[in-house]
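Numbering (my numbering), first residue to last: 1 to 375.
Presented below is the structure to which this report refers.
Now the structure itself:
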């Protein structure tokens with residue numbers, strides 16, 4: 001029992017491996033964009049910018065990605081978001097998802113400035129505060145609206161997220177629904193998530209360091225990475241500690257398809273086959289992963305205990321698709337529901353023991369799982 005308790009406690013404990021303040025920071029670098037001189041943007045499309053390094057959350061603002069029409073004029077500010085899994089910044093229509101927002105046949109200029117002492121908030125920064133080495137300018141033309149939806153797929157909590165969390169985070173010594181859940185964090189039920197996951201992470205609550213930057217808001221660009229970061233921040237994956245704990249692990253090599261998990265309210269297979277924006281990479285360099293490990297306390301999630309081999313891969317790091325599923329779920333609001341019991345899928349049945357005392361889902365084809373109350 002003591003060994004199990006120690007294992008659980010280790011899931012979210014630790015100290016900085018190397019003091020980030022003593023390390024030389026490599027400049028942030030733009031890997032590519034989905035627009036350019038010879039690449040038009042659909043009038044209802046989004047602009048995507050891929051970077052080599054993890055970004056300092058809060059620096060992805062409209063002042064850090066300035067869009068102007070060539071020839072003069074102004075543009076209604078875009079909605080700017082950041083996905084730490086792909087390290088991609090997105091500028092989207094302020095008129096709603098998929099709505100046109102730029103004029104057809106108009107040329108635009110996108111400028112990424114370098115922050116200065118006078119204007120520290122005007123520019124993107126890496127997690128250690130490093131800016132771009134020099135300003136970047138991209139010019140492009142807007143084309144016809146795309147007839148196809150360019151929006152990312154909608155993530156279902158009961159189809160995509162709950163089975164993944166049960167498989168990867170369950171267990172009495174990790175984040176299953178028991179009194180011994182590590183760090184008091186329950187990730188395997190909607191009620192548990194709603195009660196324990198929308199708060200400051202223990203690993204991010206570093207006491208006096210919370211005033212080490214400017215003492216200002218979490219979006220202040222001089223504030224150190226991760227201070228008082230929530231475990232899950234709805235609609236803001238870049239400010240969600242859970243994602244960075246997952247990203248601490250290198251991407252796995254999957255030779256044998258794992259056994260999927262399903263829940264009683266599961267209605268379809270999980271999302272898969274996510275595509276990367278232009279020039280983005282599914283994983284950062286080894287050196288950038290080392291920088292992330294210097295900024296995020298503790299070990300990766302799932303906890304890397306030995307003894308698990310395919311198809312029982314509960315302790316294998318999350319795949320790219322699984323990581324992107326979590327990021328999209330958070331970006332779309334991190335809604336949680338009661339999905340019933342979850343277990344490995346067995347051919348010919350739903351994968352849930354018939355003796356489970358969980359509530360069965362409504363049989364109506366249009367029924368929605370009951371809301372656990374934490375959106």
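All C-beta atoms, glycine included, are put in the ideal place defined by N, C-alpha and C.
Legend entry - Every unbroken beta strand (DSSP E) within the region 58–121, with a cutoff of 3 residues, ordered by chain: 66–69, 79–83, 88–92 and 107–112
Inset, instruction - Kindly indicate if chain D contains any beta-carbon less than 8 Å away from that of residue 119. - result: Within the model displayed, chain D is absent; a lone protein chain is all it includes.
Legend entry - Continuous beta strand (DSSP E) stretch holding residue 137: start and end: 136–143
Inset, instruction - Using alpha carbons as the reference points, say which of 247, 177, 203 and 90 lies closest to residue 284. - result: 247
Legend entry - For residue 330, the three-state DSSP class (helix, strand or coil): helix
Legend entry - Simplified DSSP state of residue 343, which is helix, strand or coil: strand
Inset, instruction - Identify, in the order they occur along the chain, each residue of the same chain with its Cβ nearer than 6 Å to the Cβ of residue 163, setting aside the five sequence neighbours on each side. - result: 261, 262, 263 and 342
Legend entry - CB contact flag (residue 197, residue 232, <8 Å): yes
Inset, instruction - Classify residue 42 as buried or exposed, calling it buried when 16 or more other Cβ atoms lie within 10 Å of its own Cβ. - result: buried
Inset, instruction - Could you give the DSSP three-state label for residue 299: helix, strand or coil? - result: coil
Inset, instruction - Give the DSSP-derived three-state secondary structure of residue 212 in the structure shown. - result: Confidence at residue 212 is low in this model, with a pLDDT of 46, below 50, so its placement is unreliable and the value that follows should be read with caution. Residue state, collapsed to three classes: coil.
Inset, instruction - Within the same chain, show all residues whose beta-carbon is closer than 6 Å to that of residue 136, passing over the 5 residues directly before and after it, in chain order. - result: 30 and 112
Inset, instruction - Output the distance between the C-alpha atoms of residue 267 and residue 326, rounded to the nearest integer angstrom. - result: 18 Å
Inset, instruction - Kindly list the residues whose CB is nearer than 6 Å to the CB of residue 76, restricted to its own chain and excluding five residues on each side of it in sequence; keep chain order. - result: 94
Legend entry - Cα-Cα separation, residue 332 to residue 83: 12 Å
Inset, instruction - Might you give, ordered along the chain, the residues of its own chain that have their beta carbon closer than 6 Å to the beta carbon of residue 161, omitting 5 neighbours on each side? - result: 329
Inset, instruction - Could you tell me which residues DSSP pairs with residue 33 in its beta bridges? - result: 49
Legend entry - Whole-angstrom distance between residue 242 and residue 109, CA atom to CA atom: 35 Å
Inset, instruction - Using the DSSP secondary-structure output, state which residues sit across from residue 126 in a beta bridge. - result: 55
Legend entry - With 16 other Cβ atoms within 10 Å as the buried cut-off, status of residue 105: exposed
Inset, instruction - Assuming residue 49 and residue 33 form a contact by the criterion Cβ under 8 Å, report the distance between their Cβ atoms to the nearest whole angstrom. - result: 5 Å
Inset, instruction - Would you kindly work out how many angstroms separate the C-alpha atoms of residue 282 and residue 86, rounded to a whole number? - result: 6 Å
Legend entry - Helix, strand or coil at residue 163 according to DSSP, with G and I counted as helix: helix
Legend entry - Selected residue, minimal CA-CA separation from residue 47, among 72, 91, 193 and 37: 91
Inset, instruction - Mind checking who residue 39 pairs with in its DSSP beta bridge? - result: 36
Legend entry - Burial state of residue 154, where buried means 16 or more other Cβ atoms lie within 10 Å: exposed
Inset, instruction - With a 10 Å radius around its C-beta and 16 neighbouring C-beta atoms as the bar for buried, classify residue 194 as buried or exposed. - result: buried
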